[in-house]
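Residue numbers (the numbering used here): 42 to 178.
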Amino acid sequence: MGDTSDSGIGKEILVPTAIFRNRKLNVLKALVTFLREQHRLGFSEIARLIRRDPRNVWAAYHLGIERDPDAVVPEGDSLFFPVSIVREDDLSILESVVAHLREHRGNAEIARLLSRDPRTTDTAYRRAKEKRLRRVA
Numbered sequence: 042m043g044d045t046s047d048s049g050i051g052k053e054i055l056v057p058t059a060i061f062r063n064r065k066l067n068v069l070k071a072l073v074t075f076l077r078e079q080h081r082l083g084f085s086e087i088a089r090l091i092r093r094d095p096r097n098v099w100a101a102y103h104l105g106i107e108r109d110p111d112a113v114v115p116e117g118d119s120l121f122f123p124v125s126i127v128r129e130d131d132l133s134i135l136e137s138v139v140a141h142l143r144e145h146r147g148n149a150e151i152a153r154l155l156s157r158d159p160r161t162t163d164t165a166y167r168r169a170k171e172k173r174l175r176r177v178a
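Printed below as a string of structure tokens:
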């Protein structure tokens, strides 16, 4: 099972960045498949956790399993982030993850951990920053 930490109210699921290394799945499919396979969560519970439509969660899981049934067995070095960071409605999952990781890591390291081009992670970070600024204004 994955790591959890006490969040005061219950257990917070920690997600390893290694689940995003398999490029056969996009970040939503990888996250949903990880939560379903490693934590045995139901689709409604996953949808509530990540604030996404349950139908999209169901579809992401089934498309992910169809594409690569063994896709989200986290291997190799990894950072962990709390699943709650992807709850921001106006940010994509990648934007949320990159913005969270950029608080403590550099862009090149994040790109390596997520198996993405540094330009992709930089763009995700910039978009997250812009969206958060618009929200405040």
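All residues carry an ideal CB built from backbone N, CA and C; glycine is no exception.
When secondary structure is reduced to three states using DSSP, leucine 66 falls in the coil class, being assigned neither helix nor strand.
Boundaries of the beta strand (DSSP E) around phenylalanine 121: 121-123. Under the Cβ criterion (8 Å, minimum of three pairs), the region 137-147 does not count as touching the region 102-112.
Runs of the alpha helix (DSSP H) spanning 4 or more residues and lying entirely within the region 95-160 occur at 95-108, 134-142 and 148-155, in chain order.
If you ignore the 5 residues before and after arginine 168, its C-beta comes within less than 6 Å of the C-beta of Glu136, all in its own chain and listed in chain order. In this structure proline 123 touches glutamate 53 by the C-beta definition: roughly 5 Å separates them, less than 8 Å.
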